[in-house]
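In our numbering, the protein residues as written are 478 to 723. Remarks on the structure that follows.
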Ligand code: NAP
């Protein structure tokens with residue numbers, strides 16, 4: 478692990494997948510990493526691998542976000558990664574509770590965390606916010622209305638952040654992955670491992686580390702360079718619905 482020279486990074490949703498991989502990669506790049514998520518057992522494992530500090534965080538709960546933010550004294554990089562999909566129902570059958578959960582987590586959770594930590598980012602020499610979006614932020618697919626609506630909103634928020642924070646030394650990057658093999662599909666299908674495995678059957682999806690690699694690249698550019706957006710997909714995926722399988 479490198480000596481800490483790049484400042485402090487907060488990664489939300491660091492207990493698995495993209496967030497966990499990003500925490501380890503950022504630590505290797507010299508960031509002092511603070512990890513937030515609900516599952517403390519998994520978060521502690523990532524803390525061990527990254528030398529980071531695990532803190533409980535539920536982005537859907539204002540009190541939890543405030544308590545988390547209070548623990549952060551200095552901040553240089555915020556990776557808004559916590560997010561989920563719930564279900565894959567056509568519009569006529571969409572369950573409101575699932576849509577509410579996706580909006581609360583992916584949209585309001587991201588806003589809440591950003592608002593709570595923005596003053597700490599602004600107090601430094603130059604902060605950076607990375608929002609983990611998705612190709613679902615600009616594409617749609619069958620049964621995806623709730624999730625794609627939430628990620629379209631994330632995209633709108635990222636673009637608005639660039640406008641609202643213009644004139645302040647804060648960089649904004651949105652990283653929008655296609656298919657990444659993580660716990661994402663397991664969560665979407667309520668723990669149904671067979672359904673989750675089918676999503677990735679016959680193709681080589683991205684790994685959390687592939688996305689972490691993009692995040693690390695964006696945040697290690699010179700301070701005057703703002704990588705606005707990165708879209709990254711597996712070679713086997715042309716759009717959300719067009720994939721090739723063996
Ligand atoms: P993952 O393995 O399921 O990780 C999701 C992370 O979000 C977990 O660490 C989870 O931690 C955290 N999280 C969920 N709800 C939370 C809450 N209320 N408060 C705090 N943390 C919460 O899935 P992933 O693929 O790495 O997902 C990371 C991000 O990438 C998400 O924003 C997702 O939408 C996006 N993305 C994924 C894909 C894909 O194909 N996998 C593609 C494009 C974009 P706890 O459960 O411990 O709280």
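Note that CB positions come from ideal geometry on N, CA and C, so glycine has one too. The structure displayed is predicted, hence computed values, not measured ones.
- Counting only runs of 4+ residues, the alpha helix (DSSP H) found wholly inside the region 549–605 occupies 573–579 and 586–600, in chain order.
- Residues 593 and 594 of the same chain have their beta carbon placed closer than 7 Å to that of residue 546, with the five preceding and five following residues left out of the count.
- Proximity to residue 632 across 721, 705 and 533 peaks at 705, based on C-alpha coordinates.
- Contact annotation, residue 499 with residue 557: C-beta distance approximately 11 Å; criterion of less than 8 Å not satisfied.
- The beta strand (DSSP E) runs lying completely inside the region 628–678 and spanning 3 residues or more are 647–654, given in chain order.
- Residue pairing for residue 532: DSSP places it in a beta bridge opposite 513.
- In this structure the region 629–643 does not lie against the region 524–532, because fewer than three pairs of beta carbons, one per stretch, are closer than 8 Å.
- Annotated three-state conformation of residue 625 is helix, per DSSP.
- A distance criterion of 7 Å places the beta-carbon of residue 558 in contact range of the ligand NAP, judged by its closest non-hydrogen atom.
- Annotation: residue 579 to residue 661 spans about 12 Å, alpha carbon to alpha carbon.
- Residue 664 holds the alpha-carbon nearest to the alpha-carbon of residue 624 among 590, 639 and 664.
- Per the coordinates, the alpha-carbon of residue 492 lies some 14 Å from the alpha-carbon of residue 502.
- Burial of residue 711 is indicated by the presence of at least 16 other C-beta atoms within 10 angstroms of its C-beta.
- If you compare the alpha carbons of 723, 544 and 630 with that of residue 677, the shortest gap goes to 723.
- When only Cα atoms are considered, residue 718 and residue 656 end up about 11 Å apart.
- Relative to the ligand NAP, even the nearest heavy atom lies 7 Å or more away from the CB of residue 505.
- One Cα belongs to residue 681, the other to residue 573, and the distance between them is close to 33 Å.
- As a beta-bridge residue in DSSP terms, residue 486 pairs with 510 and 554.
- Under DSSP, residue 683 takes part in a beta bridge, and its partners are 657.
- By the CB criterion at 8 Å, residue 553 and residue 483 fall inside the cutoff.
- Between the ligand NAP and residue 681, a heavy atom-to-CB distance of less than 7 Å is absent.
- When rounded, the separation of the alpha-carbon atoms in residue 489 and residue 654 is 17 Å.
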